[in-house]
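Please read the structure below before turning to the comments.
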Amino acid sequence: MRKELTFAVKAPNWLGDAVMALPAVSGVVGCSGRGRVLVLGSTTSAGLYTRLDGTLAFALSRPGGGVVQSARAILKGASLLRSFGPVMVLSFTTSFTSAAMCRLGKVPRRIGFDDSAWAFLYTDRVKRPPRGSEHLIDVYSRLVQSIGIPAATRVPSLAPLDDDIARGREMLERSGVGTGDFVCFFPGARYGPSKMWPARRFALLGDMIADRFNLKIVLAGGRRERPACREVERLVSGRVHNLCGMTDLAALIGVVSLSKGVVSNDSGGMHLSAALGKPVVGLFFSTDPAWTGPRSEASVALYKAMDCSPCFERDCRRGNPCTEGIGEAEVLEALERIAGLGD
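Note that our numbering has the sequence shown beginning at 358, numbered continuously upward.
As structure tokens, then:
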């Protein structure tokens, strides 16, 4: 049975991008009246948007899937669009997968960015500013503003569900971590080494936090970030609990929500933590906080630009010297200030 909707959204696949698109998608939800907004995303982004009232979210694939998975996502996404019959769809990604499913879904009006080879598949093409020239939250807001919808806010916000807290508490108790007596680290970054603070610096910071504030350290992240977390775990003197790759989105939200604060590279974990309202120290190296920095009041971004910054490279032939520009004492001072650890 055909269930006609006004709006559909093809959400970003990666967690950080999905969080930064929250204000724009919230604006669409606010203009949908009594109808719900169909959201198509990855297993990660769909899980995030199910927590946004007024959405009907479906997972099409996992982030970073191959050609076969992309083909399946196109067919599934197109089928869902034809079934629900939205009048218009907004695509927040520039991939062929997103553009193709919107076209094959026979949506009358298809809005996407103009900076991809597949932009001709959209009926409305929105100019996307050069990378790094404008915060990504504002770039995503451009998409909805192009059809007269104001972004609900410029600060992503997410409230944990009761089940998230219960899942996080269960994970922490099973791992021997007391609720609320720990700081969460995200030492990895799927993008590449040029976004990662050295493991030895995370380890030294962990020891400083444990010695000064009698707090434990919880390491978190996705499965691909396990090597970075294992290296930090190896180097920390004690009281570290490695949960990297062990938490789904619900448990991760719960764990972060129960922490004293977060130290993270520029990653999905950083954006999720900031949206949850936790004190966050974000560390920036090859990327620029003016483009992807956390925007919450309880967050701070540390960045020591070099003559080549921001390069946006995954790795660096010079050995990632920018990752050495931020010291442990500076991070500790920022965390102590915004999280009130000494109070």
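The beta carbon of each residue, even a glycine, is placed where N, CA and C say it ideally should be.
For this session: Could you pull out every residue in the same chain whose Cβ sits closer than 6 Å to the Cβ of G699, ignoring the five residues on either side in sequence?
Result: Along the sequence shown, read from residue 1 onward, the residue named residue 699 stands at position 342. Within the same chain, G699 has close Cβ partners E693.
Exercise. Should F559 and V620 be called a contact, given that it needs their Cβ atoms to be closer than 9 Å?
Worked result: Sequence index remark: in the sequence shown, residue 559 carries index 202 (1-based). Sequence index remark: in the sequence shown, residue 620 carries index 263 (1-based). Yes, the pair counts as a contact, with Cβ atoms nearer than the cut-off.
For this session: Can you give me the Cβ contacts of V385 inside the same chain, cut-off strictly under 8 Å, excluding the 5 residues immediately before and after it?
Result: Within the sequence shown, residue 385 is the residue found at index 28, counting from 1. Excluding residues up to 5 positions away in sequence, F364, V366, V394, L447, V501 and I506 lie with their Cβ nearer than 8 Å to the Cβ of V385 in the same chain.
Problem set entry | Local Cβ density within 10 Å of F642, reported as buried at 16 or more and exposed below that | If you number the sequence shown from 1, residue 642 lands on position 285. Burial state of F642 is buried, judged by a 10 Å Cβ sphere holding 16 or more other Cβ atoms.
Exercise. From what residue to what residue does the alpha helix (DSSP H) around S455 run?
Worked result: One-based indexing of the sequence shown puts residue 455 at position 98. First-last of the alpha helix (DSSP H) with S455: F453 to L461.
Problem set entry | In DSSP terms, what F310 is bridged to | No information on residue 310 is available, as it lies outside the stretch 358 to 700 that the chain covers here.
Problem set entry | Pick from V657, C679, A655 and S656 that is closest to D664, judged by C-alpha positions | Position 307 of the sequence shown, counted from the start, is the residue given in the question as residue 664. Of V657, C679, A655 and S656, the residue nearest in Cα terms is C679.
Exercise. DSSP state of A375, grouped into three classes?
Worked result: Indexing the sequence shown from 1 puts residue 375 at position 18. Note: A375 maps to helix in three-state DSSP.
Exercise. Is the CB-CB distance between L417 and L438 below 9 Å?
Worked result: The count along the sequence shown starts at 1 and reaches residue 417 at position 60. The count along the sequence shown starts at 1 and reaches residue 438 at position 81. For the pair L417 and L438, the CB atoms are not nearer than the 9 Å cut-off.
Problem set entry | Given 8 Å, three or more beta-carbon pairs between the segment 605–624 and the segment 443–458 | Verdict: no, contact absent.
Exercise. Is the beta carbon of L409 sitting closer than 9 Å to the one on V376?
Worked result: Sequence index remark: in the sequence shown, residue 409 carries index 52 (1-based). Sequence index remark: in the sequence shown, residue 376 carries index 19 (1-based). Taking 9 Å as the Cβ cut-off, L409 and V376 do not qualify as a contacting pair.
Exercise. S448 bridges to which residues according to DSSP?
Worked result: Position 91 of the sequence shown, counted from the first residue, corresponds to residue 448. As a beta-bridge residue in DSSP terms, S448 pairs with K367.
Exercise. Near C388, which residues of its chain fall below 7 Å by C-beta distance, leaving aside the five closest residues on each side in sequence?
Worked result: The residue given as residue 388 occupies position 31 in the sequence shown. Non-local beta-carbon contacts of C388 in its own chain, meaning distances under 7 Å to residues more than five positions away in sequence, involve I506 in chain order.
Exercise. Just to confirm, are A632 and P513 a CB contact at a threshold of 9 Å?
Worked result: Position 275 of the sequence shown holds residue 632. Position 156 of the sequence shown holds residue 513. Closer than 9 Å, so yes.
For this session: Let me know if D623 comes out buried or exposed under the rule of 16 or more other beta-carbons within 10 Å of its beta-carbon.
Result: Working through the sequence shown from its first residue, we reach residue 623 at position 266. Per the 10 Å Cβ criterion, buried.
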